[in-house]
Structures are given as structure tokens and as C-alpha cells.
Amino acid sequence: MAAMVPFEDELEIMTAMVAGCQKGGVRHLLFTSGTGVLSIEAKDGAWSQYTFAEDDPYPFPARHNRAVRIQTETVVREGSTDRLSTYVIRPPLIYGNAGSIQIPQIFESARKTGAACYLGFGLNLYSAVHVEDLAEAYCLAVEKGKPGALYHTVCGEANFRSIAEAVATVVGCGTKSLDYEEACALWGDVWVDLALAVNSRSIAKRAVEELGWKPRHLDVIDDIRNGSYRQNFEAGLSEFTWASHG
């Protein structure tokens, strides 16, 4: 399940869902969270050294209802019984099949401004996973996962300047650095704060060790330059929006 509702509503929904699954004889429940709960503010697009495995402490102030999302994760993880196995999956930036949230935003910036834009220095990093590798991780969680476990699904990372440079290569334009106010005017302050003005770095230690997860798609930049994003652009889908994964 992936929720697109306010965090407080999500907590209420998942609390009821766990209770319903316990009573209804459901065997497996997977909740899609996200590594956004580990994001560190980077309004200037600066690099951060911090990266997190599943159980590493997070020594920074809570951002964007992080506490509520963590509470939801806890409700799900503690909902396992002798009949119901629950799991929490935390994907990072999901890409592939020309879909994503962040990557199409960069394409859209090129359409609107004539340049592929990024924030500040553009050195802030977001871990990434291909949608097909993510799907495999969900299957493995059901097959091999430990009840109540939390799994990161990460394979590589990229900074936003590199993403913008790859987009610019596809589109045939230059790149442009925006300050925070300019970025908010272009993309909206909510999504800038959540998805672009952050470092969000994580590793998938438990998914690899416990599930035997072996992702096959290793390079988000190459997929933009030479893979599905270029193919879609050259096929005439040059007006990118917040595409879903096909």
C-alpha cells in the first residue's frame, strides 16, 4: 500500500487496516513508507555525508511530520501476529520506465525555462531504486521477510546537478542553478521541501542480507541519458508531467 493522504490520516487508516487484517485472516501486509523520513534539509543544494541503514539513529530535527510517519511504521511493524506478517518498505527516489516524481520535474523545468534546473550547488544526493528492482524486493519480503521487519530498497544514488545535466543532454539544452525562492516559484514550496531541497541517503543492508535482494538496474543517470527517459522523449513525450510507472 502506498498512501497519498495526509500523514495523520495515513496513521488512522493503517491502524484500522492492521486491525482488520488481524481479524480477517490476512497473511501478509506490506506498507510503503519512504526514505524521506531520513531526509536532511539542503536549501542550498549542498552535499551531506550522512547515510542511514534501517536501524541507524537519526540525529536531526524531525521534518514534515516525520514523527507521524514513523508512528505509522511502528503500528504496522508491531501488528504482526502468529497469522499475520507485516513489513515496512522504504523506497528512495523511484525511477525507471520513464516514471518518477523528481526526474520528470527536471524535464518540466526545461520545458518551462529552457534549461534543466537544479537547486543551489546541486550536490545534494538522493538514493535511488529502479521500479522493477523495487517490485522484486516486495516479492522477496513476502517470501523471505521477517515479520515486523523494515527494509530499505536502495541501489545507488545521484545528485541533482548530475540529474539535470543528464536531462539537458536528452533535451538539448543547458542547465541552470536556482536559489531556494526561485525553485519554490518553479516547483512549489511543498515539493521542493520534501523532494528537492534535501539530502536523502540510505543503504539497503537488511534487504540484501535477509532477503537476498540483488538489484539489476544500477545507474539512474544512464537510464536518463540512454534508456527509458530518452526513449520517451524521442517518441514525442516531451511534455513530462509527474508520470506514473508504466
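Every letter in the sequence shown is one number past the one before it in my numbering, and letter 39, counting from 1, is 27. In this text, a Cβ means the ideal position worked out from N, Cα and C, and glycines have one as well.
Using the rule of at least 16 other Cβ atoms within 10 Å of the residue's Cβ for burial, across every protein chain shown, is residue i buried or exposed?
| i | result |
| --- | --- |
| Met5 | buried |
| Gln47 | One detail in the question is off: residue 47 reads as Pro in this sequence, not Gln. Pro47 is exposed by the Cβ-count criterion. |
| Gly160 | exposed |
| Cys255 | Lying before the first or after the last residue shown, residue 255 is absent from the chain, which here runs from -11 to 234. |
| Asp121 | buried |
| Gly176 | exposed |
| Gly224 | exposed |
| Arg204 | exposed |
| Gly200 | exposed |
| Val119 | buried |
| Cys127 | exposed |
| Arg218 | buried |
| Ala129 | buried |
Bridge partners for residue i per DSSP, in chain order?
| i | result |
| --- | --- |
| Phe40 | Ser190 |
| Leu18 | Tyr75 |
| Ile28 | Asn187 |
Short check: CB of residue i to CB of residue j, under 8 angstroms?
| i | j | result |
| --- | --- | --- |
| Thr101 | Ala125 | no |
| Pro80 | Thr23 | yes |
| Gln10 | Thr62 | no |
| Leu17 | Thr74 | yes |
| Leu(-1) | Val76 | no |
| Val(-7) | Ile1 | yes |
| Ser190 | Thr39 | yes |
| Lys193 | Ala50 | no |
| Ser165 | Ile209 | no |
| Gly33 | Tyr106 | yes |
So residue i and residue j are supposed to be a Cβ contact under 8 angstroms. How far apart are they, rounded?
| i | j | result |
| --- | --- | --- |
| Arg213 | Thr163 | Contact flag wrong, Cβ pair sits at about 14 angstroms. |
| Gln90 | Ala183 | 5 angstroms |
| Ser216 | Asn85 | 5 angstroms |
| Ser27 | Asn187 | 7 angstroms |
| Glu153 | Ala116 | 16 angstroms between Cβ atoms; not a contact. |
| Val155 | Ile94 | 5 angstroms |
| Arg65 | Val25 | With 8 angstroms as the limit, Arg65 and Val25 do not qualify as a contact, their Cβ atoms being about 13 angstroms apart. |
Whole alpha helix (DSSP H) runs in the segment 112 to 183 with 4 or more residues, listed along the chain?
119 to 132, 148 to 159, 168 to 175
Considering only residues of the segment 62 to 121, which uninterrupted alpha helix (DSSP H) runs meet the minimum length of 4 residues and lie entirely inside it, listed in chain order?
90 to 101
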